[in-house]
Amino acid sequence: DQWTYDPFAAEIDEHGNIYARGAQDMKCVNIQYLEAIRRLKKDNVTLKRTVHVAFSPDEEIGGTEGMGAFAKSKEFGDLNVGFALDEGMPTQENFFSVINGEKTRWVLRIHCPGQPGHGSLLLNNTAGEKVRNILDKLYEFREEEKKKVDADFNLIFGGVTTINLTLMEVRLFYLQLLSFSNLK
């Protein structure tokens, strides 16, 4: 109830300032792109190609329904895009970082079959041991990248590789996940 402007609307004040908050991520950078285009037009700069601007809402969840779907469309193909910029990096300075490739998403599917056996035995070559070894290596690498960010926060935006475990699936052929034998 203390908003000067509706938080889910875009309004222009008497000075031409645009106020818009709400559902679109990275508005500050989007406005910087639009301002750069406005200045190019004002200065009568002629570019070799047409500039297209597209904003999509689902970047943080993979982009498949927003930009991903648009990129697969005939309309996108007809634009004959030669170069694309990502959302960039906001700043309060007189410049901002332009990013043309960011957050390449890799989905790793790792299959770890292991030695099955009776729950009273400490078996070698189990699926759990293999998974643990892989996770140890991934999280050791992740910790090294985190140390780089701790030393220089600016690296978080494209200067390090991020690794996040988001899903782990276990397929069982028996009703028992873990078995413990002779516990005292």
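312 is the number of the first residue of the sequence shown in my numbering; add one for each residue after it. In this text, a Cβ means the ideal position worked out from N, Cα and C, and glycines have one as well. Since the model is a prediction, treat every value here as computed from it, not as a measurement.
Return helix, strand or coil for Gln487, following the three-state DSSP convention. Unreliable positioning characterises Gln487 in this predicted model, as indicated by a pLDDT of 49, which lies under 50. The coordinate reading is nonetheless provided below. DSSP, reduced to helix, strand and coil, places Gln487 outside both helices and strands of the structure shown, so it counts as coil.
Per DSSP, which one or two residues make a beta bridge with Glu322? DSSP, once it has assigned bridges, lists Tyr330 as partnering Glu322.
Since I believe Ile329 is in contact with Ala321 (beta carbons under 8 Å), could you give me their beta-carbon distance rounded to a whole number of angstroms? 6 Å between Cβ atoms; contact.
With a CB to CB cut of under 8 Å and the five nearest residues on each side skipped, what residues in its chain are close to Leu486? Any answer about Leu486 is weak, because its pLDDT of 46 lies below 50 and its placement is not dependable; what the coordinates show is given next. The beta carbon of Leu486 sits closer than 8 Å to no other beta carbon from its chain once the five residues preceding and following it are set aside.
Given Leu390, which residues of its chain have a CB within under 6 Å of its CB, disregarding the five upstream and five downstream residues? Here the set comprises His363.
Segment limits, alpha helix (DSSP H) that includes Met378: Run containing Met378: 378-382, per the alpha helix (DSSP H) assignment.
Going by C-alpha distance, which of Glu404, Phe464, Lys383 is nearest Cys339? Closest in C-alpha terms to Cys339, from the list Glu404, Phe464, Lys383, comes Glu404.
Could you say which of Val392, Leu449, Thr472 lies nearest to Lys459 if we only look at CA atoms? Checking every option, the nearest Cα to that of Lys459 belongs to Thr472.
Please state whether the Cβ-Cβ distance between Gly430 and Gly439 is less than 8 Å. Cβ distance not < 8 Å, so Gly430 and Gly439 don't count as in contact.
What do you reckon, are the CB atoms on Asn341 and Phe381 nearer than 8 Å? Result no, Cβ atoms of Asn341 and Phe381 do not sit closer than 8 Å.
Can you tell me where the alpha helix (DSSP H) holding Gln343 begins and where it ends? Residues 338-353.
7 Å Cβ shell around Lys441 - same chain, five flanking residues per side excluded: Shown here for Lys441: same chain residues with a beta carbon closer than 7 Å to its own, the five before and five after excluded, namely Cys423, Gly425 in chain order.
Could you tell me the alpha carbon to alpha carbon distance between Leu466 and Glu456, rounded to whole angstroms? Straight-line Cα distance between these residues: approximately 9 Å.
Give the DSSP-derived three-state secondary structure of Tyr316 in the structure shown. Tyr316 falls in the coil class under three-state DSSP.
Is Val460 helix, strand or coil when you go by DSSP? When secondary structure is reduced to three states using DSSP, Val460 falls in the helix class.
Can you tell me the Cα-Cα spacing of Asn435 and Glu376, whole angstroms? Taking the straight line from one Cα to the other gives about 45 Å.
Can you tell me which of the three DSSP states Asn444 falls into? Asn444: helix per DSSP, three-state reduction.
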